[in-house]
Each structure stands twice: as structure tokens, then as C-alpha cells.
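If you're matching them up, the sequences are chains F and C in order.
Going by this note's numbering, the first residue of the first sequence is number 26, and it counts up by one from there.
Going by this note's numbering, the first residue of the second sequence is number 22, and it counts up by one from there.
Since the structure comes first, as C-alpha cells, the remarks are kept for the end.
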Amino acid sequence: MNAAPRFPVRRKLLAVILAATAAALLVAIGAMVAYDLYLYRQSWINDLRTQADLLGRTSSAALTFDDPAAAQENLDLLRYRPRIRAAVIYDARGRRFASFAAPGAAPLPRLPGPEGVHVAGDHIVVFKRISNEREILGTVYLRADYRLYERLLGYLGIAAVVMGLAMAVAYLLSSRLRETFVRPLLAITAVASEVSERRNFSLRAEKLSEDEIGLLADSFNGMLAEIERMTRHLESSNAELAREVAERRRAEEEVLRLNAELEQRVRERTTQLEYTNAELEAFCYSVSHDLRAPLRSIDGFSQALIEDFPQHVPEEAKGYLARIRSATQRMGQLIEDLLNLSRVSRGELQRRDVDLGQIAQEVVAELRQREPQRKIEVSVWEGLKAHADARLMRAALENLIGNAWKFSSRTAEARIEIGALRDGEHATFFVRDNGAGFDMRYANKLFGAFQRLHGAGEFQGTGIGLATVQRIVHRHGGRIWADAQPGKGAVFYFTLGAPRAAGASELAA
Amino acid sequence: MAEKCILLVEDNPDDEALTTRALRMAKTANDIVVARDGAEALDYVFGEGRFAGRDVSQQPAVILLDLKLPKVSGLEVLQRLRADPRTRLVPVVVLTSSSEDEDMLKSYESGANSYVRKPVEFGTFVHAVSQLGVYWLLLNQPVPQRWQPSP
Numbered sequence: 026m027n028a029a030p031r032f033p034v035r036r037k038l039l040a041v042i043l044a045a046t047a048a049a050l051l052v053a054i055g056a057m058v059a060y061d062l063y064l065y066r067q068s069w070i071n072d073l074r075t076q077a078d079l080l081g082r083t084s085s086a087a088l089t090f091d092d093p094a095a096a097q098e099n100l101d102l103l104r105y106r107p108r109i110r111a112a113v114i115y116d117a118r119g120r121r122f123a124s125f126a127a128p129g130a131a132p133l134p135r136l137p138g139p140e141g142v143h144v145a146g147d148h149i150v151v152f153k154r155i156s157n158e159r160e161i162l163g164t165v166y167l168r169a170d171y172r173l174y175e176r177l178l179g180y181l182g183i184a185a186v187v188m189g190l191a192m193a194v195a196y197l198l199s200s201r202l203r204e205t206f207v208r209p210l211l212a213i214t215a216v217a218s219e220v221s222e223r224r225n226f227s228l229r230a231e232k233l234s235e236d237e238i239g240l241l242a243d244s245f246n247g248m249l250a251e252i253e254r255m256t257r258h259l260e261s262s263n264a265e266l267a268r269e270v271a272e273r274r275r276a277e278e279e280v281l282r283l284n285a286e287l288e289q290r291v292r293e294r295t296t297q298l299e300y301t302n303a304e305l306e307a308f309c310y311s312v313s314h315d316l317r318a319p320l321r322s323i324d325g326f327s328q329a330l331i332e333d334f335p336q337h338v339p340e341e342a343k344g345y346l347a348r349i350r351s352a353t354q355r356m357g358q359l360i361e362d363l364l365n366l367s368r369v370s371r372g373e374l375q376r377r378d379v380d381l382g383q384i385a386q387e388v389v390a391e392l393r394q395r396e397p398q399r400k401i402e403v404s405v406w407e408g409l410k411a412h413a414d415a416r417l418m419r420a421a422l423e424n425l426i427g428n429a430w431k432f433s434s435r436t437a438e439a440r441i442e443i444g445a446l447r448d449g450e451h452a453t454f455f456v457r458d459n460g461a462g463f464d465m466r467y468a469n470k471l472f473g474a475f476q477r478l479h480g481a482g483e484f485q486g487t488g489i490g491l492a493t494v495q496r497i498v499h500r501h502g503g504r505i506w507a508d509a510q511p512g513k514g515a516v517f518y519f520t521l522g523a524p525r526a527a528g529a530s531e532l533a534a
Numbered sequence: 022m023a024e025k026c027i028l029l030v031e032d033n034p035d036d037e038a039l040t041t042r043a044l045r046m047a048k049t050a051n052d053i054v055v056a057r058d059g060a061e062a063l064d065y066v067f068g069e070g071r072f073a074g075r076d077v078s079q080q081p082a083v084i085l086l087d088l089k090l091p092k093v094s095g096l097e098v099l100q101r102l103r104a105d106p107r108t109r110l111v112p113v114v115v116l117t118s119s120s121e122d123e124d125m126l127k128s129y130e131s132g133a134n135s136y137v138r139k140p141v142e143f144g145t146f147v148h149a150v151s152q153l154g155v156y157w158l159l160l161n162q163p164v165p166q167r168w169q170p171s172p
């Protein structure tokens, strides 16, 4: 069957049935023919023997009495048996006594042969001794057409017809029967091909029998069910996945949209801020330039009044003029401090590695130069390194150390300490003094502009310094706080935050 | 040869009066010419407009220049002075209320010889102006006449 794997099952089945039928028939016919031929031969041999015996018995008298005519008469009767082609009766001496030959028969043997039956070609030859109780009287010779081949041919003809008939019947029968056999298979095949073509896993093969094909259909259906279940599962998880992807995409789009919106707002806001900054700068410029000029006039002409008209200005008026002048100077200082406050908010933050200790030392040196008479112990710790804007840090330290300097001016053994508490990368810097201190209840007001915790008569100041320091610290992303006790001194702590990415634009705090 | 003058470029009459007063108090003998805006200052040095026909070979000993001026700003005046061969070498002291770093930087970049802030307090102001007078009129050696551009 392997030789013809392409033929459909239907045909293969037919071929199998026909081949089996033919083989069975051939074997049966062969056996029958062989048996029949055997019987045929046996019956012929028996027949010829009997005939020879009969001839011998009927001719024994003729031989005894040497009457060839009688023997001839007996032989002549053989013409009624056309298949006996020749017959000879020999006398005891082996001479032909009487003979018979059908027309066209082969020459007769001259001498009798040994007793017995044998087949010579398509003839059967019998030699039979004729005897009475005492002596051998002669021999009968019979030759008959065996016609084995004829018979064989006849059989073959019959076999062919039978085969033909049998095959036809087998064919008809099998074409009926094989339908019942093949149809379930074909049904499964049809379903299988439809499934594979249309990918429709909901199809089921019809179970048409309870045999192995039925089992096959069951298994096939089971498999389909499993595939269908898995496909459904797969499809549902695919759908789930698609939904999730869509969801995520929507979320991403939303994020992008929000980002764009945010960027737009940042841009607008930046523009606005830049505009505000520019305005602020213009304002500061005006303040710096124009607000000071009238003050200078007030101060200058007050002084001129005293200098140019010493006789005409009474002492009381001179006192008033002195108040006017000190007020203008305070105003000038206020303007200066306000400008400083706005200045620390403007411009890029330029971080680099700075030594706060060194800056502190310089600030202290300036203070000492300004007030050389002050006895004050200042200790600046080593290694106060920071990543910060040097200009702003100087302004901050000027204010903090200046404050410490100022508020410890009435302390007997004034001490200022500048140091840092380190926690890994993060440092908390501090400026400590043992001066006037303040009540922690008012600590929340410390860093507001123009907020003062001490009367002007006590300590001079505009109340802008700590606001400036706070702004500087905040611009660095740090924090500032204080700890104090009235009469015991104050500590100002500040951190400077993490350096921002280089190039990040810095908007005014 | 007559004493060279001082050119004070100042739009504020109060500041003008105070500066003149401070210079007088510092015993400055030089004439003080006042220009009330940048255009007038340029007219003076280049002998144009109101000052047409002035001998421009005679340039001020020092120009005290305010930055915030009507018409032509102080910085522009400074740049024009430095661009012209006749006034290229005239000492210019920027005398202003502004303490903005940027003003200071631009002034120096434009060729100012000094940058002096007008303090609010009159005593300090007098001190600053008298120091200016002493420095630019007495101590400072001007560019020799032979290097001055011929008229």
C-alpha cells in the first residue's frame, strides 16, 4: 500500500477486498482443481484397470482357445469408448493376438511391457496380465487419452468465470459495505480539513460507529474541544491584552497631552516670569538710582543748612536736622538691603565647590577691620566645603555672621562659632553665637522681610538680612531654621540641598 | 594755558548742586561745566549745538558722568567719547547712584577710568567727590599734550 499512498482510502479498501477475495478464490479453486485432477486421474486409472481386467476376463477364453476373432470382437466394442485410443491383446508369448486402434492413433507397441499403469505424455497406458488359476494367458494393453490439460483448461475457464463473478459480487458488496466503513472516516476527514481551512474549532465530527473509528471521532472531537477551549482562552487573553494595550496607549496619550499642556504652561509661566523678572530688574534699577537721589538731597541739604548758616540754625533745629539725616541714612540702608534681597533672587545660580570656612574667615576679617575694638572669639571649623554659588553664600554668611557679631556686642565674652554637622553627603552648617538670642515663640517671624525681634534702640538693623539669607538658602534647595534662648545666644542652621543638573535654568525663588 | 575745566554731566539739579558744593569744599579751582543730559555733554566736547564754535582742542580735565540721563544715556556718551580720537583719552569717572554689578561692568567695558557710587550720606559723598578732585586734578598725570590730537 505504501507504493500508492496517494490513492484515497476508498480505493485502497476496494483493492484490499478484491485482492483478498482473489487470493481466497485462487487458493480455493487451486485446491479444488488439484483435488479434482487427482480424483480424475485415480478414477481413470481405476476405470482403465477395470476395463483391462474386463477385457482380460472376456478374452481369456479366446486366448485359451486361440480364437483371435472373439478377442477382436471384444476389442472392437471399445469404439464406444472414444477416449480409449488403442488396445492390444498379446498372447502368452508376447505376440499380438488382437488389436484395436482409433483412427489417427499412435503406433501400437510390438511387445507387452511390464504390468502396471503409467502416464506417458497425454496418455495413460495400462499393461495387464491375463491369467487363469494356473498360468499367464497373455497381456492386455490399453491406451487412453488422458486429456489432463483440456480438463485443466476447462477448470481455468471456470475459475476465470467464477473469479470474475466473485470479484464483481465482492466489488458490489464492498462498495456497499465500505461506505459504512469509510463514511465515518471521511466525515472525520471532512471536518478536519474544514477546521484547518476555516479555523473553525467549533465543528465536530459525527460519530457514525462504535468501533475504532468511532473512538477516533471521539478523540478527534475531544481534541477539537480542547483546541477550541484553548483558542477561546487565547482569544480572550488576546482581547484582554489588546484592551490593556489600548488602555495603556490612551494613558500614554493622556500623559503626553498633559505633558504638552504642562510644557505649554511652563513656557507661558516662564515667559511671564521672565517678563516679571525683567520688570523687577527695571524696578530695582530705578529704585537703586532714583530712590537714593532724593535721600541724598535731603541729607546733603540738611548738612549744607548746618554748615552754611551756623548762626541761624538753633540748637534744637540742629537736633531735628540730625534726626532727618539719620532717618535718610536708615532709608538709604533699607534701600540697599532691599536691593540686596532682590539681587539674590535674580541671575543664574552658579554652583561650584566653595569653601564656606574661607568665606567666613574673610567676612570676619572685614568685621574686625570695621570694629577693631571688639573683643570677640571667632572659631571657624575646617573643611566647610559646599557646592554652592559663592557670591550668594558670601551674602548669606555676611548676614548671619554680621547678625552674630551684632547681637553679641553686649555680651562680655562674645563667641561666634561657624561649623557643620555632617550626615554622609549631607551637611548642616551652623552659625552660633552667645549673644542676645531671642524668644523661640517669635521664631516664625524670623525670616520675614522687615521683621525685627529687637527694638531699633537695642540693635540696629532693617529686618531684611535673614529674609535675604532664607532666600539664598531656598534658591539652593536647602532649609534654614534657628534655635535660640533669650540672653543665651542663637544658632542658625542651614542646608544647601543637592546640586541641580548642570544647565538647568533657575527661576527666581 | 588756562586750567582745564571739569565737565559734570548730571540731570538732577540737587545732585548737581551737591556735587558742585562738594567740589568747592574740596577746594577745586577748576571751572565746572554742567551738562544736563547726554546730548548736551556730547555737544560740549565736540563743539556742536549750544557749544558750536568752542575750541575742542581744550577738553575737560575729567568728565564726571551720571549713567541715568535723559536723551542720550551715560553709557552711550561714554562709548561715543571713546570712539572719537579727540576724546578717546579724556578721563571719565562714572558717578552714579547705581550699585548694580552690570552697570559697573558695562561702564568699565566701555572705557570708564573710574566707577564711583554716590553715597546717600552727605559726609561720605563730600569725601568721595573731594577724593575724586584730588586724584584726577592733582595726582593724575594727564596724557602729554604732544599725544593729544592736533585741532
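Here a beta-carbon is modelled for each residue, glycine too, at the ideal position from N, C-alpha and C.
(message) Strictly below 8 Å CB to CB, what residues from chain F border residue 42 of chain C?
(response) Start at 1 with the first residue of the second sequence, and residue 42 of chain C comes out as number 21. Under the 8 Å cutoff, chain F gives 325, 329.
(request) Whole angstroms is fine: what's the gap from residue 151 of chain F's alpha carbon to residue 118 of chain F's? (result) Within the first sequence, numbered from 1, the residue matching residue 151 of chain F stands at position 126. Within the first sequence, numbered from 1, the residue matching residue 118 of chain F stands at position 93. Their backbone Cα atoms lie some 18 Å apart in a straight line.
(request) Find the residues of chain F that neighbour residue 35 of chain C, judging by a C-beta separation of less than 8 Å, and give them in chain order. (result) Against the second sequence, residue 35 of chain C aligns to sequence position 14. By Cβ distance, chain F contributes 318, 319, 321, 322, 325, 326.
(message) Just to make sure I have the definition right: I need the residues of chain C whose C-beta is within less than 7 Å of the C-beta of residue 353 of chain F. Which are they?
(response) Locating residue 353 of chain F in the first sequence gives position 328, where the first residue counts as 1. Within chain C, the residues near residue 353 of chain F are 141.
(request) Rounded to whole angstroms, what's the CA-CA distance from residue 26 of chain F to residue 219 of chain F? Just pull it up for me. (result) Residue mapping note: residue 26 of chain F aligns to position 1 of the first sequence, counting from 1. Residue mapping note: residue 219 of chain F aligns to position 194 of the first sequence, counting from 1. Low confidence applies here, because residue 26 of chain F scores a pLDDT of 42, under 50, leaving its location unreliable; read the following figure in that light. Taking the straight line from one Cα to the other gives about 27 Å.
(request) Inspect the CB distances between the stretch 22-32 of chain C and the stretch 56-74 of chain C and report whether three or more fall short of 8 Å. (result) The stretch 22-32 of chain C vs the stretch 56-74 of chain C: in contact.
(request) Excluding the 5 residues preceding and the 5 following residue 136 of chain F in the sequence, name in chain order all residues of the same chain whose CB lies nearer than 7 Å to its CB. (result) Position 111 of the first sequence, counting from 1, holds the residue named residue 136 of chain F. Closer than 7 Å at the Cβ level, and outside the excluded window around residue 136 of chain F, lie 119.
(request) Below 7 Å between beta carbons is the criterion; list the residues of the stretch 120-141 of chain C that meet it against any residue of chain F, in chain order. (result) Per Cβ criterion, the list reads 120, 121, 139, 141.
(request) Could you name the residues of the stretch 333-362 of chain F whose beta carbon sits closer than 7 Å to any beta carbon of chain C, in the order they occur along the chain? (result) In summary, the residues of the stretch 333-362 of chain F whose CB is separated from some CB of chain C by less than 7 Å are 353, 354, 357, in the order they occur in the chain.
(request) Spell out whether any CB of chain F is found under 9 Å from the CB atom of residue 233 of chain C. (result) Because chain C spans 22 through 172 in this model, residue 233 of chain C falls outside it and cannot be assessed.
(message) List, in chain order, every chain F residue whose beta-carbon is nearer than 7 Å to that of residue 72 of chain C.
(response) For the purposes of this step, residue 72 of chain C is taken as the residue at position 51 of the second sequence. Counting only Cβ-Cβ distances below 7 Å, residue 72 of chain C has no contacts in chain F at all, with the closest Cβ about 26 Å away.
(request) Quick one: list the residues of chain C neighbouring residue 364 of chain F, beta-carbon separation under 8 Å, in chain order. (result) Within the first sequence, numbered from 1, the residue matching residue 364 of chain F stands at position 339. What residue 364 of chain F touches in chain C: 120.
(request) Following the continuous alpha helix (DSSP H) through residue 146 of chain F, name the residue where it begins and the one where it ends. (result) By 1-based counting over the first sequence, the position of residue 146 of chain F is 121. Careful: residue 146 of chain F lies outside any alpha helix (DSSP H) and carries neither H nor E.
(request) Taking residue 108 of chain F as the reference, give the member of F/139, F/47, F/70, F/98 with the closest Cα. (result) Sequence index remark: in the first sequence, residue 108 of chain F carries index 83 (1-based). When only C-alpha atoms are compared, the closest one is F/70.
(message) Buried or exposed, going by whether 16 or more other CB atoms sit within 10 Å of the CB of residue 490 of chain F?
(response) Residue numbering aside, residue 490 of chain F sits at position 465 when the first sequence is read from its first letter. When all chains shown are included, residue 490 of chain F counts as buried.
(request) Name, please, each residue of chain F whose Cβ falls closer than 7 Å to the Cβ of residue 146 of chain C. (result) Taking the first residue of the second sequence as 1, we reach residue 146 of chain C at position 125. Close to residue 146 of chain C, with beta-carbon spacing below 7 Å, are these residues of chain F in chain order: 321, 325.
(request) Taking residue 182 of chain F as part of the alpha helix (DSSP H), name the residues at either end of that continuous run. (result) Along the first sequence, read from residue 1 onward, the residue named residue 182 of chain F stands at position 157. Per DSSP, residue 182 of chain F belongs to the alpha helix (DSSP H) from 173-223.
(request) Answer yes if the stretch 422-432 of chain F comes into contact with the stretch 452-467 of chain F, meaning at least three C-beta pairs across the two stretches below 8 Å, and no otherwise. (result) Under the 8 Å Cβ criterion, the stretch 452-467 of chain F counts as touching the stretch 422-432 of chain F, having at least three qualifying pairs.
(request) From the DSSP output, in three-state form, read off residue 247 of chain F for me. (result) Within the first sequence, residue 247 of chain F is the residue found at index 222, counting from 1. DSSP places residue 247 of chain F in helix when its eight states are reduced to three.
(message) Assuming residue 510 of chain F is part of the alpha helix (DSSP H), what are its boundary residues?
(response) Against the first sequence, residue 510 of chain F aligns to sequence position 485. DSSP places residue 510 of chain F in no alpha helix (DSSP H) but in the uninterrupted beta strand (DSSP E) bounded by 505-510.
(request) Starting from residue 402 of chain F, trace the beta strand (DSSP E) both ways and give me its first and last residue. (result) As a position in the first sequence, residue 402 of chain F is number 377, starting the count at 1. In this chain, the beta strand (DSSP E) harbouring residue 402 of chain F covers 402-405.
(request) Following the continuous beta strand (DSSP E) through residue 442 of chain F, name the residue where it begins and the one where it ends. (result) As a first step, residue 442 of chain F is located in the first sequence; it is residue number 417 there, counting from the start. Here the beta strand (DSSP E) through residue 442 of chain F covers 440-448.
(message) Between residue 131 of chain C and residue 99 of chain C, how many whole angstroms is the CB-CB distance? I'm expecting something under 8 Å.
(response) As a first step, residue 131 of chain C is located in the second sequence; it is residue number 110 there, counting from the start. As a first step, residue 99 of chain C is located in the second sequence; it is residue number 78 there, counting from the start. For residue 131 of chain C against residue 99 of chain C, the beta-carbon gap comes to about 5 Å, under 8 Å, which counts as contact.
(message) Helix, strand or coil, according to DSSP, for residue 84 of chain C in the structure here?
(response) The residue labelled residue 84 of chain C in the question sits at position 63 within the second sequence. Three-state result, residue 84 of chain C: strand.
(message) On a Cα-Cα basis, can you pick out the residue from F/435, F/508, F/417 that is closest to residue 463 of chain F?
(response) The residue given as residue 463 of chain F occupies position 438 in the first sequence. The candidate whose alpha carbon is nearest that of residue 463 of chain F is F/508.
(message) At a threshold of 8 Å, does residue 291 of chain F count as lining the ligand NAP (C-beta to nearest heavy atom)?
(response) For the structure depicted, the ligand NAP is absent and the ligand set is empty, with no information on it obtainable.
(message) Check for me: the beta strand (DSSP E) holding residue 166 of chain F runs from which residue to which?
(response) Position 141 of the first sequence, counting from 1, holds the residue named residue 166 of chain F. DSSP places residue 166 of chain F in the uninterrupted beta strand (DSSP E) bounded by 161-170.
(request) Kindly confirm or deny that the stretch 324-334 of chain F and the stretch 362-376 of chain F touch, where touching means at least three C-beta pairs closer than 8 Å. (result) Verdict: no, contact absent.
(message) Using the three-state DSSP reduction, which class does residue 374 of chain F fall into: helix, strand or coil?
(response) Here residue 374 of chain F is taken as the residue at index 349 of the first sequence, counted from 1. Under the three-state reduction of DSSP, residue 374 of chain F is assigned to coil, being neither helix nor strand.
(request) Identify the continuous alpha helix (DSSP H) that holds residue 108 of chain F and give its terminal residues. (result) For the purposes of this step, residue 108 of chain F is taken as the residue at position 83 of the first sequence. First-last for residue 108 of chain F: undefined, no H or E at that position.
(message) Between residue 414 of chain F and chain C, is any beta-carbon pair separated by less than 9 Å?
(response) Against the first sequence, residue 414 of chain F aligns to sequence position 389. No - not a single Cβ of chain C is within 9 Å of the one on residue 414 of chain F.
(request) Label residue 91 of chain F either buried or exposed according to how many other C-beta atoms from any shown protein chain fall within 10 Å of its C-beta, with 16 as the threshold for buried. (result) Position 66 of the first sequence, counting from 1, holds the residue named residue 91 of chain F. Result: exposed.
(message) With three or more C-beta pairs closer than 8 Å as the rule, is the stretch 78-89 of chain F touching the stretch 100-115 of chain F?
(response) Short answer: they touch.
(message) Could you check whether residue 438 of chain F and residue 402 of chain F sit closer than 9 Å to each other, using their CB atoms as the reference points?
(response) Within the first sequence, residue 402 of chain F is the residue found at index 377, counting from 1. Within the first sequence, residue 438 of chain F is the residue found at index 413, counting from 1. With respect to residue 438 of chain F, residue 402 of chain F sits close: the two C-beta atoms are nearer than 9 Å.
(message) On the DSSP bridge list, what partners appear for residue 117 of chain C?
(response) Residue mapping note: residue 117 of chain C aligns to position 96 of the second sequence, counting from 1. According to DSSP, which records beta bridges pairwise, residue 117 of chain C is partnered with C/138.
(message) To the nearest angstrom, how far is the alpha carbon of residue 166 of chain F from that of residue 95 of chain F?
(response) Translated into positions along the first sequence, residue 166 of chain F becomes position 141. Translated into positions along the first sequence, residue 95 of chain F becomes position 70. Rounded to whole angstroms, the gap between the alpha carbons of residue 166 of chain F and residue 95 of chain F is 17 Å.
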